[in-house]
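J.: Using this note's numbering, you'd call the opening residue of the sequence shown number 38 and step up by one each time.
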Amino acid sequence: MSEKIAPNLIIDGDPIQPVGAVDYLDTAYIPHSETAAEHRFQHQALVNKLGSLATGDLVLLPPEISGIQATVDDQHIRSHSLNRVPGLERGRQHSRTEVAFGQLHLAQPEAGTITELVAVKYVHPITASREFLAAKAVNERFGEHKTYTPLGFIRAEDTPRGAQRVGVLTRYEHNVNTLDNYLWNPNTPAETRRAMYQVAGRAMAELHNHGFIHGDAQAKNFALDSHGAIRHLDTETYTDIRYSHDATIGRLGDVSNMFDPQTLTIAPDIEDIGLFVDSYMDTQTGTYGKLEDFDIQDVISQTRGDDIGGFDW
């Protein structure tokens, strides 16, 4: 858990990358969530826009999404930077994707200084489009912020292979702990470990009851915030149940030892059941996090009814 940092304190850290031109993303590139869901949260116009950015170009999401109110023309932004903040990555090192943690700083003579603690996840423009549009749909469908708040995109330098990369900026939040910090820690008490299994199951049930399939359900992709609320992370693999082949009843046979399809009231992630506690080896502890059958049955017995909400699909 990292130390809290005052949000308006300017951190003089090493650059994550240089920042060039700054602008807001035109709403023409942001489809309605229902339209995005039909296309697996991939929007070609947004992909093309992100791919056309020059290295260092930063496009902020509209204020109603990002919460950032800035005057973005070159005459008003005096200086801008994206610097590392040491310690923010603590407890979040288990990502196979490059993620940097730091501070976005926009100094504006008229509007004052804007600072945001951020996470920057570097991915292909297609993945960046899906990450943002799925997160937007999740937050709208739940009626609250269940994902990290998306802020914008920055174009990174091309890799030696020439692949495009875009940094997806999200607001950094203190005291949001991913479940792998509990389940991959050999010192976690058995009671806490079992409670985290149930949190993982409830997280899946929340998504299913709101019409989403995760697609990469691992312990590190679910979290608890400081209020004990479930948070949903890494949304680039999400699909809408109504438009996904993974939701067909015919594939329930793959997990027949875990679920009774005659009594199941939520749609399962067919390929993900064994992954909502990470099936990848933890390099630090040398152990696997696995969800036992009795844990799954216990989770399902506790996740029926209206207490976790629902989606009319």
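For each residue, glycine too, the CB sits at the ideal point set by N, CA and C. Here the structure is a predicted model, which means the values were calculated and not measured.
Roughly how many angstroms lie between the CA atoms of ALA91 and ARG230, to the nearest whole one?
T.: The count along the sequence shown starts at 1 and reaches residue 91 at position 54. The count along the sequence shown starts at 1 and reaches residue 230 at position 193. Using only the alpha carbons, I get a separation of about 46 Å.
J.: If you draw a straight line from the alpha carbon of PHE138 to that of GLU194, how long is it in whole angstroms?
T.: The count along the sequence shown starts at 1 and reaches residue 138 at position 101. The count along the sequence shown starts at 1 and reaches residue 194 at position 157. Using only the alpha carbons, I get a separation of about 18 Å.
J.: Where does the unbroken alpha helix (DSSP H) through SER166 begin, and where does it stop?
T.: Taking the first residue of the sequence shown as 1, we reach residue 166 at position 129. From DSSP, the alpha helix (DSSP H) with SER166 extends over 162-179.
J.: Give the range of the beta strand (DSSP E) segment to which HIS117 is assigned.
T.: Taking the sequence shown and counting its residues from 1, one reaches residue 117 at position 80. Unbroken beta strand (DSSP E) run through HIS117: 116-121.
J.: Quick check on DSSP: helix, strand or coil for GLU153?
T.: Here the question's residue 153 lines up with position 116 in the sequence shown. GLU153 falls in the strand class under three-state DSSP.
J.: So, for ARG121: in the same chain, excluding its five sequence neighbours on each side, which residues have a beta-carbon less than 6 Å away from its beta-carbon?
T.: As a first step, residue 121 must be located in the sequence shown, where it is residue number 84. So the list reads GLY50, ASP51, ILE53 and GLY139, once near-sequence residues are dropped.
J.: Excluding five sequence neighbours on each side, which residues of the same chain lie with their C-beta closer than 6 Å to the C-beta of GLY57?
T.: Your numbering for residue 57 matches position 20 in the sequence shown. Once the five neighbours on either side are set aside, the close Cβ partners of GLY57 are GLY93 and ASP94.
J.: CB-CB under 7 Å to LEU188, same chain, minus the five flanking residues each way: which ones, in chain order?
T.: Mapped onto the sequence shown, residue 188 falls at position 151. Taken in chain order, the residues that qualify are LEU97, LEU98, SER103, ILE105, GLU153, VAL155, LEU206, THR207 and ARG208.
J.: Going by the DSSP bridge assignment, what does LEU261 pair with across the sheet?
T.: Taking the sequence shown and counting its residues from 1, the one referred to as residue 261 is at position 224. ASN214 and ILE267, per the DSSP bridge assignment.
J.: Who are the near neighbours of ASP272 in its chain, counting only those whose CB is closer than 7 Å to its CB and skipping five residues on each side?
T.: Position 235 of the sequence shown, counted from the first residue, corresponds to residue 272. Here residue 272 is Thr; the residue named in the question, Asp, does not match the sequence. Answer for THR272: GLU168, ALA171, ALA172, VAL175 and THR184, listed in chain order.
J.: Grab me the residues of LEU261's own chain with a C-beta within less than 8 Å of its C-beta, minus the 5 sequence neighbours each way, in chain order.
T.: Indexing the sequence shown from 1 puts residue 261 at position 224. Answer for LEU261: VAL213, ASN214, LEU216, VAL236, ILE267 and ARG268, listed in chain order.
J.: For THR64 and ALA107, what's the separation of their Cα atoms in angstroms?
T.: Numbered from its first residue, the sequence shown carries residue 64 at position 27. Numbered from its first residue, the sequence shown carries residue 107 at position 70. The straight-line gap from Cα to Cα measures roughly 16 Å.
J.: For GLU135, collect the residues of the same chain with a Cβ closer than 6 Å to its Cβ; drop the 5 residues on either side in sequence, then sort them by chain order.
T.: Locating residue 135 in the sequence shown gives position 98, where the first residue counts as 1. Here the set comprises TYR159.
J.: Would you decide whether GLU71 is buried or exposed? Buried here means 16 or more other CB atoms lie within 10 Å of its CB.
T.: Translated into positions along the sequence shown, residue 71 becomes position 34. Exposed: under 16 other Cβ atoms inside 10 Å.
J.: Three-state secondary structure (DSSP) at THR186?
T.: Within the sequence shown, residue 186 is the residue found at index 149, counting from 1. Coil, per DSSP.
J.: According to the neighbour-count rule (16 or more other Cβ atoms, all chains shown, within 10 Å of its Cβ), is PRO74 buried or exposed?
T.: To locate residue 74, count along the sequence shown from 1; it is residue 37. For clarity, residue 74 is Ala in the given sequence; the question names Pro instead. Answer is buried; the Cβ neighbour count reaches 16.
J.: Let me know the secondary structure DSSP gives ILE191 once reduced to three states.
T.: Residue mapping note: residue 191 aligns to position 154 of the sequence shown, counting from 1. Correct three-state label for ILE191: strand.
J.: According to DSSP, what are the bridge partners of VAL205?
T.: The residue labelled residue 205 in the question sits at position 168 within the sequence shown. BP columns for VAL205 point to LYS158 and PHE190.
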